[in-house]
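Student: A single structure is presented below for examination.
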Amino acid sequence: MTSHTGTENTEIERGETGHRETGHGETGHGETGHGETADGGAQSPEIEGAVRPADPDVTILSSGHDVADARLHRHCAAFHRAGLRVEVIARGRPQDAPAGARFRPIPARGIAGRGMQALLLPGKADGRVLITLDPDLIPAARLRRTLSPGRRLAVDLHEDYVALLDDRAWATGARGVVARAWARTAVSLSRGADLTVVADQHVPPGRAVRRLVVRNLPDLTLLPERCEPDERPRALYVGDVRTSRGLFTMLRAIELAPDWELDIVGPVAPRDRARLDAWTAESDAAARVRLHGRMPPAAAWRLASGAWAGMSLLSSTPAFESAIPSKIYEYLACGLPVLTSPIRRAAELVEQSRAGAVVADAEQAAAALRGWSGGGRAEFELLRRAARDWAARDLFADNPYDRFADAVAELVAQVRGTRTPVAVAARTP
């Protein structure tokens with residue numbers, strides 16, 4: 001198994017020329033989870049030493065997500081289209097920051113250090129509108145808004161955080177009790193934000209001062225042009241890399257489908273690293289699996305070019321059953337048939353779109369892969385066409401991130417005392 005690593009951390013102001021391609025750190029793509037620190041990468045410099053942007057309109061603030069997080073990038077792209085100046089305060093590497101944003105890196109912390117960061121970081125934001133991506137930031141962000149009348153607060157609750165804790169091995173015993181109480185408190189406080197954003201209708205809170213649903217649909221500007229599949233069958237996985245996200249189910253499926261290769265983009269959970277290393281040393285299929293590590297979204301999805309299928313073999317947990325993984329939308333947008341586990345909403349989407357297969361285990365997944373590259377090639381072509389048809393029908397009508405940007409621009413206009421929202425006056429194609 002091939003692994004690409006990198007540990008560079010420096011301060012940077014990102015321009016609009018795009019990302020510099022790198023070896024991508026082994027800590028992966030997306031969030032590492034509450035209380036977990038990303039393994040294998042050097043820490044970023046302290047925030048006090050970072051370059052402070054002049055008069056940003058918006059500060060996106062995260063104590064747990066890496067700056068390569070896909071939803072963070074989609075937010076920034078929409079804000080940029082709306083003519084907003086964006087500051088991002090988060091962990092991660094400068095080269096993974098969104099284009100057009102000013103990035104102020106913070107070091108990754110353990111659970112105690114992250115708690116202290118959550119209390120202090122809202123006071124360091126320079127933007128007129130503060131947007132929090134993590135629930136532990138909400139109490140201090142509410143206080144910052146109270147003490148600074150010229151500020152506005154938007155809270156992004158993109159997951160059911162209480163339910164999500166069931167997927168975190170560390171959230172047991174006393175730590176789990178405290179984490180669930182904190183998550184419930186944060187969700188309650190989010191109702192009083194100037195804007196409360198949720199990723200789906202079921203995500204709490206059900207009511208707020210102003211509630212906006214911003215589904216985890218792909219930003220098509222971050223995805224590659226569709227093309228024909230490569231000669232060698234290749235599957236793709238993009239997201240957190242851990243047992244509950246189907247890591248070892250995918251690896252077993254590739255073992256049983258010897259014609260196939262697999263690209264994995266995402267952070268390997270520290271608890272799964274030893275088992276993954278053992279599999280790499282022992283499995284004959286390891287040479288057909290490439291572990292890319294953390295990549296910003298545009299770079300990650302370039303791997304979809306030439307891929308045959310996307311994999312999403314998540315375990316059944318309360319949070320997963322009630323949500324649709326954003327990667328499934330992105331696979332379909334790239335024209336890739338999807339292999340999904342039978343978690344309820346994901347399975348419904350794949351079955352209704354007729355653009356993939358629902359599989360219960362590694363053996364069924366491998367059988368589907370072998371069929372697509374063998375005697376079932378005609379069926380595979382129908383699945384590819386169905387994926388493209390679904391994307392054309394369901395993804396091109398409305399961009400929820402632009403609606404979010406319009407709402408944030410209205411908050412910026414309120415602070416400025418202007419009547420015309422920035423998004424109306426300055427949106428660019």
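Numbering (the UniProt record's numbering), first residue to last: 1 to 429.
All C-beta atoms in this analysis are idealised placements derived from N, C-alpha and C, irrespective of residue type, glycine included.
Predicted model only: the values in this text are computed from it and were never measured.
#1: At the level of alpha carbons, what is the spacing between M250 and A269?
#2: Under DSSP, the alpha helix (DSSP H) around P400 begins and ends at which residues?
#3: Alpha carbon to alpha carbon, how far is A97 from R142?
#4: Taking the straight line between their C-alpha atoms, what separation do you get for Q43 and R377?
#5: Does DSSP put residue 430 in a helix, in a strand, or in coil?
#6: Would G239 be called buried (16 or more neighbouring beta carbons within 10 Å of its own) or exposed?
#7: One question on the structure: do A307 and R384 come within less than 7 Å of each other, judged by their Cβ atoms?
#8: With a threshold of 6 Å on Cβ separation, who are the neighbours of A285 within its own chain once the five nearest residues in sequence on each side are excluded?
#9: Measuring CB atoms only, is the stretch 116-133 touching the stretch 316-330, in the sense that at least three cross pairs come out at less than 8 Å?
#10: Count the CB pairs spanning the stretch 335-351 and the stretch 259-279 that are closer than 8 Å, and state whether there are at least three.
#11: Terminal residues of the continuous alpha helix (DSSP H) containing S353?
#12: Who are the Cβ neighbours of D156 in its own chain at under 7 Å, not counting the five residues just before and after it?
#13: With 16 as the cutoff for other CB atoms within 10 Å, does E410 come out buried or exposed?
#14: For M116, which of helix, strand or coil comes out of DSSP?
#15: On the criterion of 16 or more Cβ atoms from any shown chain inside 10 Å, does H202 qualify as buried, or is it exposed?
#16: Helix, strand or coil for P94 per DSSP?
#17: If I follow the unbroken alpha helix (DSSP H) through H65, where does it start and stop?
#18: With A386 and A355 assumed to form a contact (beta carbons below 8 Å), what rounded beta-carbon distance in angstroms separates them?
#19: To the nearest angstrom, report how far apart P400 and D200 are at their CA atoms.
#20: On the three-pair Cβ rule with 8 Å, is the stretch 212-228 touching the stretch 330-339?
#21: Tell me the start and end of each unbroken beta strand (DSSP E) in the UniProt domain "Glycosyl transferase family 1" (229-368) that is at least 3 residues and wholly inside, in chain order.
#22: Give me the DSSP bridge partner(s) of R211.
#23: So, are the CB atoms of R145 and L153 less than 7 Å apart?
Tutor: To lay it out plainly:
#1: As a working note, residue 250 is residue 250 in the sequence shown. As a working note, residue 269 is residue 269 in the sequence shown. Taking the straight line joining both Cα atoms gives about 15 Å.
#2: Reading the sequence shown from its first residue, position 400 is the one you call residue 400. Its alpha helix (DSSP H) spans residues P400 to R416.
#3: Walking along the sequence shown from the start, residue 97 turns up at place 97. Walking along the sequence shown from the start, residue 142 turns up at place 142. Distance between the alpha carbons of A97 and R142 is about 26 Å.
#4: Here residue 43 refers to the residue found at position 43 when the sequence shown is read from its first residue. Here residue 377 refers to the residue found at position 377 when the sequence shown is read from its first residue. The predicted model places Q43 with a pLDDT of 36, which falls under 50 and marks its position as unreliable, so this point remains unresolved.
#5: Coverage of the chain is limited to positions 1 through 429, which leaves residue 430 absent and any answer about it impossible.
#6: Position 239 of the sequence shown, counted from the first residue, corresponds to residue 239. Buried is the call here.
#7: Position 307 of the sequence shown, counted from the start, is the residue given in the question as residue 307. Position 384 of the sequence shown, counted from the start, is the residue given in the question as residue 384. In this structure, R384 does not lie closer than 7 Å to A307 by Cβ.
#8: As a working note, residue 285 is residue 285 in the sequence shown. So the qualifying residues of the chain are I254 and E255.
#9: no
#10: no
#11: Walking along the sequence shown from the start, residue 353 turns up at place 353. First-last of the alpha helix (DSSP H) with S353: R344 to S353.
#12: Residue mapping note: residue 156 aligns to position 156 of the sequence shown, counting from 1. Only I131, T132, L133 and V197 meet the Cβ criterion.
#13: Counting from one through the sequence shown, the residue named residue 410 turns up at place 410. Classification of E410: buried, given that the 10 Å Cβ count is 16 or more.
#14: Working through the sequence shown from its first residue, we reach residue 116 at position 116. Helix.
#15: Position 202 of the sequence shown, counted from the start, is the residue given in the question as residue 202. H202 should be labelled exposed.
#16: Locating residue 94 in the sequence shown gives position 94, counting from the first residue. Three-state DSSP puts P94 in a helix.
#17: Against the sequence shown, residue 65 aligns to sequence position 65. No alpha helix (DSSP H) holds H65; the beta strand (DSSP E) holding it covers V58 to D66.
#18: The count along the sequence shown starts at 1 and reaches residue 386 at position 386. The count along the sequence shown starts at 1 and reaches residue 355 at position 355. 4 Å between Cβ atoms; contact.
#19: Residue 400 sits at position 400 when you count from the first residue of the sequence shown. Residue 200 sits at position 200 when you count from the first residue of the sequence shown. Those two C-alpha atoms are separated by around 11 Å.
#20: yes
#21: 234-238, 261-265, 289-291, 309-312, 338-340 and 356-358
#22: Taking the first residue of the sequence shown as position 1, residue 211 is located at position 211. According to DSSP, which records beta bridges pairwise, R211 is partnered with T196.
#23: Along the sequence shown, read from residue 1 onward, the residue named residue 145 stands at position 145. Along the sequence shown, read from residue 1 onward, the residue named residue 153 stands at position 153. Cβ distance < 7 Å, so R145 and L153 count as in contact.
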